[in-house]
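Contents: one structure, followed by commentary.
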Amino acid sequence: MDKLIIEGGVRLDGEIRIAGAKNSALPIMAATLLAKSRVVIRNLPHLFDITTMLELLGCMGVQPIVDEKLNVEIDSSTIHSFSAPYELVKTMRASILVLGPLLARYGQAEVALPGGCAIGSRPVDLHINALRSMGADIRVEDGYVRAKVDGRLRGAHLFMDMVTVTGTENVMMAASLAVGKTVIENAAKEPEVIDLAECLIAMGAQIEGHGSDTIVIEGVAELTGCTYSVMPDRIETGTYLIAAAATCGRIKVKDTRPDILEAVLLKLEQAGADIEVGENWIELEMGGRRPQAVSLRTAPYPAFPTDMQAQFTALNTIAMGSGSITETVFENRFMHVHEMSRMGARIKVEGNTVFVDGVDALKGAPVMATDLRASASLIIAGLVAKSQTKVDRIYHIDRGYECIEEKLQLLGAKIRRVPA
Ligand code: UD1
Numbered sequence: 064m065d066k067l068i069i070e071g072g073v074r075l076d077g078e079i080r081i082a083g084a085k086n087s088a089l090p091i092m093a094a095t096l097l098a099k100s101r102v103v104i105r106n107l108p109h110l111f112d113i114t115t116m117l118e119l120l121g122c123m124g125v126q127p128i129v130d131e132k133l134n135v136e137i138d139s140s141t142i143h144s145f146s147a148p149y150e151l152v153k154t155m156r157a158s159i160l161v162l163g164p165l166l167a168r169y170g171q172a173e174v175a176l177p178g179g180c181a182i183g184s185r186p187v188d189l190h191i192n193a194l195r196s197m198g199a200d201i202r203v204e205d206g207y208v209r210a211k212v213d214g215r216l217r218g219a220h221l222f223m224d225m226v227t228v229t230g231t232e233n234v235m236m237a238a239s240l241a242v243g244k245t246v247i248e249n250a251a252k253e254p255e256v257i258d259l260a261e262c263l264i265a266m267g268a269q270i271e272g273h274g275s276d277t278i279v280i281e282g283v284a285e286l287t288g289c290t291y292s293v294m295p296d297r298i299e300t301g302t303y304l305i306a307a308a309a310t311c312g313r314i315k316v317k318d319t320r321p322d323i324l325e326a327v328l329l330k331l332e333q334a335g336a337d338i339e340v341g342e343n344w345i346e347l348e349m350g351g352r353r354p355q356a357v358s359l360r361t362a363p364y365p366a367f368p369t370d371m372q373a374q375f376t377a378l379n380t381i382a383m384g385s386g387s388i389t390e391t392v393f394e395n396r397f398m399h400v401h402e403m404s405r406m407g408a409r410i411k412v413e414g415n416t417v418f419v420d421g422v423d424a425l426k427g428a429p430v431m432a433t434d435l436r437a438s439a440s441l442i443i444a445g446l447v448a449k450s451q452t453k454v455d456r457i458y459h460i461d462r463g464y465e466c467i468e469e470k471l472q473l474l475g476a477k478i479r480r481v482p483a
C-alpha cells in the first residue's frame, strides 16, 4: 500500500485550483440512469470514488466514455443489470445513490447494504422508508436492499426524521420520474443537493425549493440528456485553507466558491487568518502568525460541516490556547485523535467532543489513515510536525482528494508518495 512521507515545518505559500465536488459528482453520475439520452458531465474530479462509480455503472451494462479532460459521457440505454454488488458498495457507501434512479426508471433495483463503516453505523433506513412511501416494495435480505415497483413510483408527502444528504438526493431523483407531486420536508440543504437538483432540472425535472428544507418535485414522464458542470469541492477548498493556516502560511485557492464556505471561513478568521474572497477564489494569509485554537460544533449545512472537523482538530493541536470540537452528525468520527496524540498532541475525547490544548510543535511519527477526512487531518498534522511523518493506508485520501501530494508540493510542502 502506498504511503505519504511528509517532512514537516514548511510554511505553505502558493496557489492551487480546486477540483469538482466529489459529493456532487457522485449523485449526478447516478442521476444519468434517469435520462433516456446521453448526459455529459464536466469538471469531474480525478478520484478513486469517481472510478468506483464508473465501475458500478459499467457492471450494470452502462459504458461511460471518459475523455482526456475527464469529462464523461453517459448513455444508460445499454443497461442490462439493476444490481450494485457488495464488492463495490463496500468500498463506496455512496453506491446507494443508484437505488432511487433504478427504481424510478426501471422499476427494480438491488443494492448491497453498505453496512458499518469507520465513522459509524450509517444506516439507510430513511432512504428505504421514503421510497416505500412512494409505493416501492422493498425487502432487506441477504445483505441486499431488494426493491421493485409495479408501474411507476407515486409522489408522496415525506418527512425525513433526520437530515440526510444522500437520502434527500435518492428521493429527489426517484421523485423526478414519479407520478404526481413529492414534498420532502426536513430535506438536506447542502450545496451538493442544490447542484444535483440543478442537473436534474437541466434534464427536464420540475423541482422547487432545493436549498431550503422543503423540496417540492412534480414528477415528469421522462428525463432527457444534458451537459452539466459539477460545482467546486468545498471540502477540498477548506482542507487546503486549513493546511495553510496551520503552517502559518498563505494560499490562494482558485476555481472555488466562497459563498458555500461561510461557516468554515468564519472559523478560520477566528483562528487569526486574514481572508479575502472574489467570485471564484479565496486568499488566506496568516502572515507567519500561529493560529488561535477554535471551538466549533458540526451540524447539517449551513452550519459547520462534519467533513471539516478532523482538519480543524489538526489545526487546534498546534494552535495557541484550547479548543473543543463537538461532532453531532456521526458517532465515532474521532479516529484521528489517537494518531495525533502519538504525534505529541494534547488531546482527549469525552463523549462526542474532542478537547485540545495547543502545543508549540508536534513530532513526526508513523500514522495510519482511517477514513477520508481523518487522513486529510493527519496530513495537516504531518505538515506542521517538526520531523518526518509517514501516513499509511492513504487509499482513503485518494478516494476524495485529487493529486493531493502534487497540490501540496505546489504550495511548497515536502511531501512524496512512496509506492508499496
Ligand atoms: C453525506 C456525504 C458525507 C458527509 C455527510 C454529512 C456524500 C456522498 N457523502 O453522507 O461526506 O459527511 O453527508 O454531511 O454526499 N442516517 C440515518 N439513516 C439514514 C441515513 C442517514 O440514520 O437512512 C444518519 C447517519 O447515520 C448520520 C446522519 O443521518 O448520522 C447524516 O448522514 P447522511 O447525511 O445521510 O450522510 P451521507 O449522505 O451518507
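Numbering (the working numbering), first residue to last: 64 to 483. For glycine and all other residues, C-beta sits at the position ideal for the given N, C-alpha and C.
Taking residue i as the reference, give the member of the options with the closest Cα.
| i | options | result |
| --- | --- | --- |
| Ser144 | Val174, Gly312, Val152 and Glu131 | Val174 |
| Ala373 | Ser440, Met383, Thr310 and Asp337 | Ser440 |
| Gln355 | Ile338, Pro368, Asp337 and Asn379 | Asn379 |
| Val226 | Asn249, Arg409 and Gly243 | Asn249 |
| Ile270 | Ala284, Tyr291, Lys244 and Gly288 | Lys244 |
| Leu359 | Ala307, Thr416 and Lys317 | Thr416 |
| Asp112 | Ala157, Asp138, Val102 and Asp276 | Ala157 |
| Val283 | Ser239, Phe222, Thr231 and Val412 | Ser239 |
| Arg313 | Asp337, Leu329 and Val103 | Asp337 |
| Tyr303 | Glu348, Thr290, Ala424 and Thr277 | Glu348 |
| Tyr464 | Asp434, Ala382, Ala424 and Leu324 | Asp434 |
| Thr300 | Thr319, Lys426 and Thr290 | Thr319 |
| Val234 | Ile280, Gly341, Asp130 and Leu331 | Ile280 |
| Arg353 | Met266, Asp423 and Ile201 | Asp423 |
| Gln333 | Met383, Tyr291 and Thr369 | Met383 |
| Ile298 | His401, Leu97, Leu328 and Thr391 | Leu328 |
| His459 | Thr95, Leu110 and Gly71 | Leu110 |
| Thr95 | Gly163, Gly170, Val152 and Cys466 | Gly163 |
| Ala193 | Gln171, Thr231 and Gly206 | Thr231 |
Starting from the C-beta of residue i, find all residues in its chain whose C-beta is less than 6 angstroms away, skip the five residues before and the five after it, and write them out in chain order.
| i | result |
| --- | --- |
| Ser146 | Glu173 |
| Gly198 | Val212, Leu216 and Arg217 |
| Gly83 | Asn106, Leu107, Pro108 and Val293 |
| Ala167 | Leu216, Ala237 and Leu240 |
| Val161 | Ala93 and Ala147 |
| Thr290 | Val103 |
| Gly335 | Arg352, Pro354 and Gln355 |
Using 10 angstroms around the beta-carbon of residue i, count the other beta-carbons present and answer buried if the total reaches 16, otherwise exposed.
| i | result |
| --- | --- |
| Asp296 | buried |
| Gly407 | buried |
| Asp188 | exposed |
| Asp322 | exposed |
| His220 | exposed |
| Ala308 | buried |
| Ser29 | Since the displayed the chain opens at 64 and closes at 483, residue 29 lies outside it and no answer follows. |
| Ser438 | buried |
| Ile443 | buried |
| Val203 | exposed |
| Ser139 | buried |
| Glu285 | exposed |
| Pro127 | buried |
| Gly288 | buried |
| Glu131 | exposed |
| Asp224 | exposed |
| Phe397 | buried |
| Ala428 | buried |
| Pro363 | buried |
| Gly71 | buried |
Can you name, in chain order, every residue of its own chain whose Cβ lies under 7 angstroms from the Cβ of residue i, other than the five neighbours on each side?
| i | result |
| --- | --- |
| Leu274 | Looking at the sequence itself, residue 274 is Gly, so the reference to Leu does not match. Closer than 7 angstroms at Cβ, skipping near neighbours: Lys252 and Ile257. |
| Lys315 | Glu78, Trp344 and Glu346 |
| Val419 | Ala356, Thr376, Asn379, Thr380, Ser385, Gly386, Ala408, Arg409 and Ile410 |
| Arg480 | Asp65, Leu67 and Glu468 |
| Arg456 | Met64, Met431 and Ala432 |
| Gly272 | Ile278 and Val279 |
Can you give me the Cβ contacts of residue i inside the same chain, cut-off strictly under 8 angstroms, excluding the 5 residues immediately before and after it?
| i | result |
| --- | --- |
| Pro485 | Any answer about residue 485 is impossible in this case: the structure gives the chain only from 64 up to 483. |
| Lys426 | Met406, Gly407, Ala448, Lys449 and Ser450 |
| Ala366 | Ala326 and Arg360 |
| Leu331 | Leu304, Ile305, Ala308, Ile338 and Leu347 |
Taking 7 angstroms as the threshold (beta carbon to beta carbon), is residue i in contact with chain B?
| i | result |
| --- | --- |
| Arg462 | The displayed structure is made up of one protein chain only, and chain B is not part of it. |
Kindly provide the ranges of any beta strand (DSSP E) runs that are 3 or more residues long and lie completely inside the segment 75 to 113, ordered along the chain. Within the segment 75 to 113, the complete beta strand (DSSP E) runs of at least 3 residues are 76 to 80 and 102 to 105.
Quick one: complete alpha helix (DSSP H) runs, 4+ long, within the segment 299 to 349? Taking only runs of at least 4 residues, the alpha helix (DSSP H) segments lying wholly in the segment 299 to 349 are 325 to 333.
Which whole runs of the alpha helix (DSSP H) in the segment 196 to 246 are 4 residues long or more, in chain order? Whole alpha helix (DSSP H) segments, 4+ residues: 228 to 239.
Inside the segment 240 to 289 only - beta strand (DSSP E) runs reaching at least 3 residues: Those beta strand (DSSP E) runs which fall completely within the segment 240 to 289 and span 3+ residues are 244 to 248, 269 to 271 and 277 to 281.
Counting only runs of 4+ residues fully inside the segment 405 to 456, write out the alpha helix (DSSP H) ranges in chain order. Correct list: 435 to 447.
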